[in-house]
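The listed protein sequences derive, respectively, from chains A and B. The numbering of the first sequence is the numbering used here, which starts it at 1 and goes up by one. The numbering of the second sequence is the numbering used here, which starts it at 1 and goes up by one. Just so it is clear, CB atoms sit at the ideal spot from N, CA and C, and this is done for glycine as well. Comments concern the structure below.
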Amino acid sequence: MSEKLVNDMERDARLEALYHAATRDEPPQALDDAIRAAARRAVSSKPRSAVSPFSRSWGVPVSIAAVIVLSVSLVVVIRDEAPEMVKPPRADAPAMSAERRQEPVASDRASSVPEASPPPKPKQSNGIRLNAPQQALRPDAGIRDNAAPPSATQPQKDARAMGQLRPAPSLLAKRSPAEAFPAPGAARDKASASDEQPSLKEEMRRDDDAVGEPKTRSERNQSQAKATPSVSAETKTQRQRELEADSADSTSRARVAAAPESKPAAAAAAAPSVSGTPAKPASPAADAMQGYVDLPPEKWLERIADLRKQGRIEEAKASFTAFRKRYPEHPLPASLKDWANP
Amino acid sequence: MREDITSGDEVLMERFRDGESGAFDVLYGRHKGGLFRYMLRQCGNRGVAEELFQDVWMNLIRARAAYTVQAKFTTYLYRLAHNRLIDHYRSQAGGMPASFDAADGPVLDNIEAGRNSDPAIGADNRQQAARLLQLIGELPEAQREAFLLQQESDMSVEEIAKATGVSRETAKSRLRYAINKLRLGMGAV
Chain A
1 MSEKLVNDME RDARLEALYH AATRDEPPQA LDDAIRAAAR RAVSSKPRSA VSPFSRSWGV
61 PVSIAAVIVL SVSLVVVIRD EAPEMVKPPR ADAPAMSAER RQEPVASDRA SSVPEASPPP
121 KPKQSNGIRL NAPQQALRPD AGIRDNAAPP SATQPQKDAR AMGQLRPAPS LLAKRSPAEA
181 FPAPGAARDK ASASDEQPSL KEEMRRDDDA VGEPKTRSER NQSQAKATPS VSAETKTQRQ
241 RELEADSADS TSRARVAAAP ESKPAAAAAA APSVSGTPAK PASPAADAMQ GYVDLPPEKW
301 LERIADLRKQ GRIEEAKASF TAFRKRYPEH PLPASLKDWA NP
Chain B
1 MREDITSGDE VLMERFRDGE SGAFDVLYGR HKGGLFRYML RQCGNRGVAE ELFQDVWMNL
61 IRARAAYTVQ AKFTTYLYRL AHNRLIDHYR SQAGGMPASF DAADGPVLDN IEAGRNSDPA
121 IGADNRQQAA RLLQLIGELP EAQREAFLLQ QESDMSVEEI AKATGVSRET AKSRLRYAIN
181 KLRLGMGAV
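Next comes the structure, spelled out in C-alpha cells:
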C-alpha cells in the first residue's frame, strides 16, 4: 500500500474542509475569564513546588535531630525502667525451688505402696516422707534398712529396679549421717521395738503362722528365710555382713576375756572354724566353745537356750559356763537365770 | 504581560509552571477553541461541554508544578481532556461506551468505494458541514474521538495513541474507521 494511500486512509481533505467550515464553536467569554483568573491566582499565590524550600534546606537536619532526640529519650526511659525490668533473684527462690522439688516427691509418696514402712524413729515425722520413697518399694525393704546400715544408693537402686520413682537427692541430704547410717546396734534396737516396720511385722505374722511362732530373733530370721525364699541374695548378704560385724566385735572382746583359759582351745577351735570345717572337740568345754566364740553374746545365749530346750543339758551348761567366763557381767535371760544362781 | 506567540507550547507551559501567568494566557488562547469543540462534539451538550472544558484547564493549572516536557503540549492537554471525558462517561448511566473497549471493526473495507477525491464541496457548504457534524455525532465514541483529535489539534496517529492511552494500531484503526464512515455518509449526500 503506497504511502499516499495510507495517508489518504488516515486523512481526508474534503472532510477536513467540511469540518472546518462547520460552526466554529467557542467557549463563552465568562468561562475564559474565569479560567484565566484562576491561573493568575495560582501563580500569584505561594508558589507550589514538589519540594518546598524549607524541606530542601532543613529537611535533613530536622530529621537527624528528631532521630537523636528519640534515641536519647528511649535510652533514658529504658535506663530508668531497667531496674524494674531486671527482676532481682527472689530471696526465697532456693526454698521455693526446694519445695517444688519436694512437692512432686510428696505426691509420689502419696501414691506409694500403702504398706510403706514408717521410719525407725518416731521423731522422724518428716522423715516419714523422707524415708517413704525409699521404703515404699518392697515389703522387706525395712529389714534391710534396720538390719544393716543402709547404703545411700541401695534404696534408689531398688526403686529403679522396681520402676518406682526415686527420691530426690535433697531428701537424702537432709537426713543426718546418724540417721542415714545408723549403728548396727541402734538399728537392731529400733527394729526390735514396737515401732517395727509393719511390713516386717506382717511377714513375721505370716511366718509365725507358717512355722509355729518362733520367738527368738534367730528363729524368726531363719523362718523368714524359709518362708520367704524370695529374699534376695542382697538381704542375705546384708545379714551376713551384720553377723560378721557383730562377731568381729565380740571376737575381739572374747579373745581378751578368755585369753588365759581358753586360748589354746579357742585357737584350736578358731582355726578350724576359719578354715570352714569344724574340728572334733577335745573336751566338753571346748565343745561348748565350738561355734559360739564368734557369736555375739545375745546369740550365744540363744544358742544355749536352744540347747537346753533340745535336752542337751550338759552342752548347754558347758556353754553357759563358758559364756559366764567370757561375759561375766552380761545380763542373762530369764530362762537361764536359774543356772546363774544354782 | 509579554505575549510570546513564537514560543512553543512546551516552553510556555514551563514558564507558566515557573510562575508566569502570561504564558498561560497564550496557551489558553491557542487551544481553548479546539478543546471546547472536542468536548462539545463528544458529549453533545453545551453545558456539559463547558463544565468538562473548565475542569480540564483547572486540572492543568493545579498540575503545573509537576509538568515536565515528555511529549507535545497538545498531547498532554488532550490526555487530560480524554481522562476527564472517560470520567464523565463512567458517571453516566450508560457507563463506559463499548467502542472504547471493542476492537475496531473493519476499517479498510471498501475504502476505495467510500473515497471521494474531489475536494470540491457541494453547493451548500453549510448543509454538508451540518451533515458532517451529524455523521460525526453518529460515530462510535472511540472513533469519533480519534477523528476529532486529528481535526482539532492536528495530531498524528502516534500522538492520538498517546493521548488516548492505546496502541498505535488501535488509534490508526479507529481513525480509519471514522474517516471511512464519514466518507460513506458524505458520499450519500
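Residues from the region 35-46 of chain B in contact with chain A, defined by Cβ distance under 7 Å: Phe36, Arg37 and Leu40
Chain B within 8 Å of Glu81(A), Cβ atoms only: The sequence position of residue 81(A) within the first sequence is 81, counting from 1. No, no contact with chain B.
Inter-residue spacing [alpha-carbon to alpha-carbon] between Arg46(B) and Ser167(B): In the second sequence, the residue the question calls residue 46(B) occupies position 46. In the second sequence, the residue the question calls residue 167(B) occupies position 167. Cα-Cα distance, rounded: 31 Å.
Buried/exposed call for Phe147(B), threshold 16 Cβ in 10 Å: On the second sequence, position 147 is the one that residue 147(B) refers to. Flag for Phe147(B) reads buried.
9 Å Cβ cut-off: residues of chain B touching Asp25(A): Counted from its first residue, the first sequence places residue 25(A) at position 25. Ordered by position in chain B, the residues that pass the 9 Å Cβ test against Asp25(A) are Gly33, Phe36, Arg37, Leu40, Arg41, Arg46 and Ala49.
For Leu132(B) and Leu15(A), believed in contact at Cβ under 8 Å, the rounded distance: Indexing the first sequence from 1 puts residue 15(A) at position 15. Indexing the second sequence from 1 puts residue 132(B) at position 132. That belief holds up - the Cβ atoms of Leu15(A) and Leu132(B) are roughly 7 Å apart, short of 8 Å.
Where Met58(B) sits in the DSSP three-state scheme: Against the second sequence, residue 58(B) aligns to sequence position 58. DSSP places Met58(B) in helix when its eight states are reduced to three.
Proximity below 8 Å, CB of Gly185(B) to CB of Leu135(B): On the second sequence, position 185 is the one that residue 185(B) refers to. On the second sequence, position 135 is the one that residue 135(B) refers to. It is a contact, given that the beta carbons lie within the stated cut-off.
Nonlocal neighbours in the same chain, by C-beta distance under 6 Å from Ser335(A), ignoring five residues either side: Reading the first sequence from its first residue, position 335 is the one you call residue 335(A). Correct list, in chain order: Ala305.
First and last residue of the uninterrupted alpha helix (DSSP H) at Gln92(B): Position 92 of the second sequence, counted from the start, is the residue given in the question as residue 92(B). Careful: Gln92(B) lies outside any alpha helix (DSSP H) and carries neither H nor E.
Simplified DSSP state of Thr68(B), which is helix, strand or coil: Here residue 68(B) is taken as the residue at index 68 of the second sequence, counted from 1. In this structure, Thr68(B) counts as coil in the three-state DSSP scheme.
Contacts around Arg90(B), its chain only, beta-carbon distance under 8 Å, and the 5 residues preceding and following it disregarded: Counting from one through the second sequence, the residue named residue 90(B) turns up at place 90. Closer than 8 Å at the Cβ level, and outside the excluded window around Arg90(B), lie Met96.
Where Val43(A) meets chain B, residues with beta-carbon distance less than 8 Å: Numbered from its first residue, the first sequence carries residue 43(A) at position 43. Within 8 Å Cβ-Cβ: Phe16, Gly19, Glu20, Ser21 and Phe24.
Nearest-angstrom Cβ-Cβ length linking Arg84(B) and Val56(B), presumed shorter than 8 Å: One-based indexing of the second sequence puts residue 84(B) at position 84. One-based indexing of the second sequence puts residue 56(B) at position 56. Contact flag correct, Cβ pair sits at about 5 Å.
Range covered by the alpha helix (DSSP H) that runs through Asp124(B): As a working note, residue 124(B) is residue 124 in the second sequence. That residue, Asp124(B), is in no alpha helix (DSSP H); it is neither H nor E in DSSP.
Local conformation of Glu50(B) per DSSP, three classes: As a first step, residue 50(B) must be located in the second sequence, where it is residue number 50. Three-state DSSP puts Glu50(B) in a helix.
Burial state of Thr75(B) (16 or more Cβ within 10 Å): Here residue 75(B) corresponds to residue number 75 of the second sequence, with the count starting at 1. The residue in question, Thr75(B), is buried, as its Cβ has 16 or more Cβ neighbours within 10 Å.
CA-to-CA distance, Gln54(B) to Ile35(A), given in whole angstroms: Taking the first sequence and counting its residues from 1, the one referred to as residue 35(A) is at position 35. Taking the second sequence and counting its residues from 1, the one referred to as residue 54(B) is at position 54. When rounded, the distance between both Cα atoms is 7 Å.
6 Å CB neighbourhood of Asp156(B) in its chain, flanking five on each side removed: Taking the second sequence and counting its residues from 1, one reaches residue 156(B) at position 156. The sequence given here has Ser at residue 156(B), not Asp. So the list is empty, once near-sequence residues are dropped.
DSSP three-state assignment for Asn180(B), whether helix, strand or coil: Start at 1 with the first residue of the second sequence, and residue 180(B) comes out as number 180. Note: Asn180(B) maps to helix in three-state DSSP.
Residue environment, Thr68(B), which counts as buried when at least 16 other CB atoms sit within 10 Å: Against the second sequence, residue 68(B) aligns to sequence position 68. The residue is exposed, with fewer than 16 neighbouring Cβ atoms inside 10 Å.
Pair within 8 Å by beta-carbon distance, Lys72(B) and Glu152(B): Position 72 of the second sequence, counting from 1, holds the residue named residue 72(B). Position 152 of the second sequence, counting from 1, holds the residue named residue 152(B). Against a cut-off of 8 Å, the Cβ pair of Glu152(B) and Lys72(B) comes out as no contact.
Outcome for Asn180(B) when other beta-carbon atoms lying within 10 angstroms are tallied against a minimum of 16: Mapped onto the second sequence, residue 180(B) falls at position 180. Buried: at least 16 other Cβ atoms inside 10 Å.
Proximal residues of chain A, C-beta to C-beta of Lys172(B) below 8 Å: The count along the second sequence starts at 1 and reaches residue 172(B) at position 172. Those are Glu10, listed as they occur along chain A.
Ala171(B) vs Ala161(B) beta-carbon contact at 8 Å: For this step, residue 171(B) is matched to residue 171 along the second sequence. For this step, residue 161(B) is matched to residue 161 along the second sequence. Going by C-beta atoms, Ala171(B) is nearer than 8 Å to Ala161(B).
Host alpha helix (DSSP H) of Val166(B) (start-end): Translated into the one-based positions of the second sequence, residue 166(B) becomes position 166. Neither: Val166(B) is in no alpha helix (DSSP H) and is coded neither H nor E.
Neighbouring residues, chain B, relative to Asp32(A) (Cβ below 8 Å): As a first step, residue 32(A) must be located in the first sequence, where it is residue number 32. Here the neighbours are Tyr28 and Lys32.
Contacts around Cys43(B), its chain only, beta-carbon distance under 8 Å, and the 5 residues preceding and following it disregarded: For the purposes of this step, residue 43(B) is taken as residue 43 along the second sequence, with counting starting at 1. Answer for Cys43(B): Ala49, Leu52, Leu85 and His88, listed in chain order.
Residue interval of the alpha helix (DSSP H) (run including Leu336(A)): Position 336 of the first sequence, counted from the start, is the residue given in the question as residue 336(A). Careful: Leu336(A) lies outside any alpha helix (DSSP H) and carries neither H nor E.
Run of the alpha helix (DSSP H) containing Glu152(B), from where it starts to where it stops: Translated into positions along the second sequence, residue 152(B) becomes position 152. Run containing Glu152(B): Glu141 to Ser153, per the alpha helix (DSSP H) assignment.
Boundaries (first-last residue) of the alpha helix (DSSP H) holding His31(B): In the second sequence, the residue the question calls residue 31(B) occupies position 31. His31(B) -> alpha helix (DSSP H) spans Ser21 to Cys43.
Ala38(A) vs Met58(B) beta-carbon contact at 8 Å: Position 38 of the first sequence, counting from 1, holds the residue named residue 38(A). Position 58 of the second sequence, counting from 1, holds the residue named residue 58(B). Against a cut-off of 8 Å, the Cβ pair of Met58(B) and Ala38(A) comes out as a contact.
6 Å CB neighbourhood of Ala142(B) in its chain, flanking five on each side removed: The sequence position of residue 142(B) within the second sequence is 142, counting from 1. Cβ neighbours of Ala142(B) beyond the five flanking positions: Ser99, Phe100 and Arg174.
Backbone CA spacing between Leu77(B) and Arg126(B) [nearest angstrom]: Here residue 77(B) corresponds to residue number 77 of the second sequence, with the count starting at 1. Here residue 126(B) corresponds to residue number 126 of the second sequence, with the count starting at 1. Whole-angstrom Cα-Cα distance: 30 Å.
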